[in-house]
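> Going down the list, the sequences are from chains A and B.
Going by our numbering, the first residue of the first sequence is number 1, and it counts up by one from there.
Going by our numbering, the first residue of the second sequence is number 1001, and it counts up by one from there.
All residues carry an ideal CB built from backbone N, CA and C; glycine is no exception.
Just so it is clear, the structure is predicted and the values come from calculations on it, not from any experiment.
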Amino acid sequence: MIAAGVFELGLFWTCCLVVIAGALGAATVRNLFHAVLLLGLSLTGVAGLYLYLDAAYLACVQIVVYVGGVLVLILFATLFSADVMGSVQRAPRWLVATGLLAAAIAAGVATRIAQDALRTVSRGTAGPAHGVDAIGGPGPGIGELLLGPWLVPFLCAGVLLTVALIGAVATVKRFRRSPGARHG
Amino acid sequence: MVELGPDGLTGYLVAAAVLFVAGVFAAVARRNAIGVLIGIELMLNAAALQFTAYGRIHAATGDVQGQTAGVFVVVVAAAEAVVALALLFAVYRSAHDIDLEKTRELHS
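As structure tokens, then:
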């Protein structure tokens, strides 16, 4: 049990270290492509911290929406920027190190999930013993909160997303016509 | 109650503070628009992490409002990223550069 505690503590501090190192790197690295990759590292570390906070749902949202959605969008936009790929080819060791670290974090998060699953199986109940996770527990879950006391903010978030979507489309469409108008 | 480790608050707060500081630095010091966007994302993540960390104080009573606030932060971040990248796309289409120092297209 002591070994498991030390392992868990080490994993926690590894997550903290990854969050901090990724954030500092994303803020300071000159190469923009590397900065976006380091941002992904930091976001993944934050997802690991969410797991330690018994916020399994939020960790999943972080991975799916942030790392899977927003980060890919930013990477896509990064490729617009000039001279990004040239400097990447000059320093491939950075990419290898970043990839290795990301893989290590993914392995750590997976191990943590597996630990929880094993504990759940051996106890025969769902959820951590001491706390509450997002899916079940003594109090109302996130879904009940969203449709109860948080209903107005929830609806506002929906309106916000719709407006953002329409605004994005309108912005891109309007600027597409303007070069033709200027040249014509 | 200063407790280091996954059951205390300190580690999360230190991580969130560094996230926020790095985000502010990136948003201020970067000249590229994507760098500024990275900074904003870092700051939003710091806020969500703090919401969740402080919200766990009430975890014994089954209160998950901190996590719910974190979900809202993620929603806002997604909407913000979509609008920002649409703007970038539009500026790039007209100016062929997204350097904030050089781009003056939206000023006039």
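#1: Is L11/A closer than 8 angstroms to R119/A when the C-beta atoms are compared?
#2: Can the beta-carbon of T1068/B be found closer than 8 angstroms to that of L145/A?
#3: Let me confirm a value: P1006/B is counted as buried when at least 16 other C-beta atoms fall within 10 Å, else exposed. Which label applies?
#4: Return the residues of the stretch 145 to 157 of chain A that lie within a Cβ-Cβ distance of less than 8 angstroms from chain B, sorted by chain order.
#5: I'd like to know if D116/A contacts chain B, where contact means its C-beta is closer than 8 angstroms to some C-beta of that chain.
#6: Determine the DSSP secondary structure at N1045/B, reduced to helix, strand or coil.
#7: Leaving out the 5 sequence neighbours to the left and right, which residues in its chain are closer than 6 angstroms to L39/A when beta-carbon positions are compared?
#8: Using three-state DSSP, classify A55/A as helix, strand or coil.
#9: To the nearest angstrom, how far is it from the Cα of A1026/B to the Cα of L1049/B?
#10: Assuming A59/A and Y50/A are in contact, meaning their beta carbons sit under 8 angstroms apart, how far apart are those beta carbons, in whole angstroms?
#11: Give the secondary structure of F1089/B by DSSP, where H, G and I count as helix, E and B as strand, and everything else as coil.
#12: Let me see if you follow: with CB-CB separation under 8 angstroms, is L160/A close to chain B or not?
#13: Tell me the rounded alpha-carbon separation between A21/A and L1019/B.
#14: Using a Cβ-Cβ cutoff of less than 7 angstroms, which residues in the same chain neighbour Y1054/B once the five nearest sequence positions on both sides are dropped?
#15: Using DSSP with H/G/I as helix, E/B as strand and the rest coil, what is F7/A?
#16: Compute the Euclidean distance between the alpha carbons of D133/A and Q115/A, then round it to the nearest angstrom.
#17: Cβ of A1090/B within 8 angstroms of Cβ of V163/A?
#18: Exposed or buried, what is F1051/B when buried is set at 16 or more other beta-carbons lying within 10 Å of its beta-carbon?
#19: How would you write the range of the alpha helix (DSSP H) that I74/A sits in, first residue to last?
#20: If you draw a straight line from the alpha carbon of L151/A to that of T98/A, how long is it in whole angstroms?
#21: Does any residue of chain B have a CB that is nearer than 8 angstroms to the CB of T171/A?
#22: Considering only the alpha carbon of each residue, which of L53/A, T14/A and I142/A lies closest to I105/A?
#23: Measure the C-alpha to C-alpha separation of H1058/B and L41/A and round it to an integer number of angstroms.
#24: Is L100/A close to chain B? Criterion is C-beta to C-beta, closer than 8 angstroms.
#25: Just how far apart, CA to CA, sit I1045/B and A1095/B?
#26: In this structure, how does DSSP classify G141/A when only helix, strand and coil are distinguished?
#27: Just the C-alpha distance for L1009/B and Y52/A, rounded to the nearest angstrom, thanks.
#28: What is the rounded straight-line gap between the Cα of A1029/B and the Cα of V1021/B?
#29: Do G1023/B and G1039/B have their beta-carbon atoms positioned less than 8 angstroms apart in this structure?
The answer reads as follows:
#1: no
#2: yes
#3: buried
#4: L145, L146, W150, P153 and A157
#5: no
#6: helix
#7: A26
#8: coil
#9: 19 angstroms
#10: 4 angstroms
#11: helix
#12: Yes - at least one Cβ of chain B is within 8 angstroms of the one on L160/A.
#13: 9 angstroms
#14: G1066
#15: helix
#16: At D133/A, the pLDDT of 46 sits below 50, so the modelled position is not reliable and the matter cannot be decided from this model.
#17: no
#18: buried
#19: From DSSP, the alpha helix (DSSP H) with I74/A extends over L71 to T78.
#20: 41 angstroms
#21: yes
#22: T14/A
#23: Each residue's alpha carbon lies about 29 angstroms from the other.
#24: Nearest CB-CB separation between L100/A and chain B: not below the 8 angstroms threshold.
#25: Reading off the sequence, residue 1045/B comes out as Asn, not Ile. N1045/B and A1095/B: Cα-Cα distance of roughly 31 angstroms.
#26: In this structure, DSSP gives G141/A a state outside helix and strand, which the three-state scheme calls coil.
#27: Between L1009/B and Y52/A, the C-alpha separation is close to 11 angstroms.
#28: Roughly 12 angstroms between the two C-alpha positions.
#29: yes
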